[in-house]
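Numbering (full-length UniProt numbering), first residue to last: 1 to 310. Glycine included, every Cβ here is placed at the ideal spot set by N, Cα and C. All remarks here apply to the structure that follows.
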Amino acid sequence: MNVIEERLAAQDLIVLDGAFATELEARGFSVNDALWSAKALFERPDLVRDVHLDYLRAGADVVTSASYQATVEGFMKRGFSEAEAAALLQKSVHLAQEARDLYLAERGTHDPAPLVAASVGPYGAYLADGSEYRGDYDVDEDALTEFHAGRLRLLTAAQPDLLACETLPCLNEARAIVRALRAEKIRIPAWFSFSCRDAAHISDGTEIAECARFLDGVPEAAAIGLNCTAPQYVEELIRTIRQETAKPIIVYPNSGESYDASDKTWHGAAEDFGALACRWRSAGARLIGGCCRTSPREIVEISTWAKNAE
């Protein structure tokens with residue numbers, strides 16, 4: 001039994017954290033950079049730890065490291081040595097672990113400790129060219145496997161509880177990550193979440209059902225689902241995934257606002273995540289949180305609903 005199964009045997013819902021870059025920006029830190037939120041790992045590690053801590057205070061059972069867009073190659077382009085770059089990837093996990101220790105010291109609780117998930121962002125996040133939302137990479141599966149293997153080796157050496165293989169735009173990348181996990185003999189449970197463009201397809205047009213069928217037969221996949229997706233598509237996506245697998249379903253969609261790339265602004269209103277969590281749980285999700293433009297406020301809404309529902 002992996003750690004997700006253990007937690008779900010004791011509680012109905014695992015509450016995830018919310019957007020990381022959004023919170024950095026809310027605190028005055030600019031993420032307008034090819035490294036995005038990973039820039040904070042060397043410029044403001046204290047802020048990284050504080051964001052994690054605030055999500056734990058909001059009721060998150062899992063905090064995810066600031067390694068989504070972090071790679072050795074990306075840090076070396078900024079002038080770091082290979083050893084320094086590797087240390088920064090591991091620091092992302094250590095900062096989340098430090099936040100957990102601070103939270104437990106504050107609470108003085110004997111409840112199960114929150115979990116730390118190491119974020120494994122897609123290849124397109126490293127490219128920083130928008131391809132993470134298209135999946136139209138100009139590399140084959142072997143190259144993707146090699147890319148992820150090195151990152152996974154470094155991240156798992158920091159001993160996270162989980163791996164968050166997230167915002168995957170294509171099934172080919174999920175296959176590559178599975179190959180990398182096996183090549184590196186990694187035993188840490190991983191969740192696989194896809195970015196979806198509608199209620200049936202992931203970003204590159206592959207049906208979510210096909211992704212779920214593939215991962216259903218993958219022992220390394222501890223949970224399957226979606227993130228960085230519009231909330232209105234989530235219920236139908238959950239139902240489709242549930243038809244293909246009995247594994248726990250994970251969802252952490254965007255706030256409901258829409259992004260205008262022309263002026264780089266967000267428009268519209270955020271959804272009521274407390275009410276949505278109820279609907280998503282009824283549809284079959286067991287791990288629920290938020291992605292872009294969500295904040296500790298949305299996590300409070302989810303965790304409050306979850307506690308009241310118990």
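Check: Do the stretch 132-147 and the stretch 80-94 make contact, defined as three or more Cβ pairs closer than 8 Å?; Outcome: no
Check: Could you check whether I14 and R182 sit closer than 8 Å to each other, using their CB atoms as the reference points?; Outcome: no
Check: Is it buried or exposed for P219, if we count other Cβ within 10 angstroms and need 16 for buried?; Outcome: exposed
Check: Among Q159, L127 and A309, whose alpha-carbon lies nearest the alpha-carbon of R187?; Outcome: Q159
Check: Any idea what DSSP makes of S282, helix, strand or coil?; Outcome: helix
Check: Taking V120 as the reference, give the member of L16, T71 and P45 with the closest Cα.; Outcome: T71
Check: For R197, collect the residues of the same chain with a Cβ closer than 6 Å to its Cβ; drop the 5 residues on either side in sequence, then sort them by chain order.; Outcome: S203
Check: Just checking my contact of L276 with F214 at CB under 8 Å: how many whole Å lie between their CB atoms?; Outcome: Contact doesn't hold; Cβ gap of about 27 Å is too wide.
Check: So what does DSSP say about Y252, is it helix, strand or coil?; Outcome: strand
Check: So P248 packs on P231, CB below 8 Å; how close in whole Å?; Outcome: Contact flag wrong, Cβ pair sits at about 20 Å.
Check: For the stretch 56-95, which segments carrying the alpha helix (DSSP H) assignment without a break, of at least 4 residues, lie completely within its bounds, in sequence order?; Outcome: 72-77
Check: E25 to N32, Cα distance in whole Å?; Outcome: 10 Å
Check: Are there 16 or more other CB atoms within 10 angstroms of the CB of R100, so buried, or fewer, so exposed?; Outcome: buried
Check: Counting only runs of 3+ residues fully inside the stretch 106-172, write out the beta strand (DSSP E) ranges in chain order.; Outcome: 115-120 and 162-168
Check: Locate the alpha helix (DSSP H) running through S193, then write down its first and last residues.; Outcome: Run containing S193: none in the alpha helix (DSSP H); it sits in the beta strand (DSSP E), A190 to F194.
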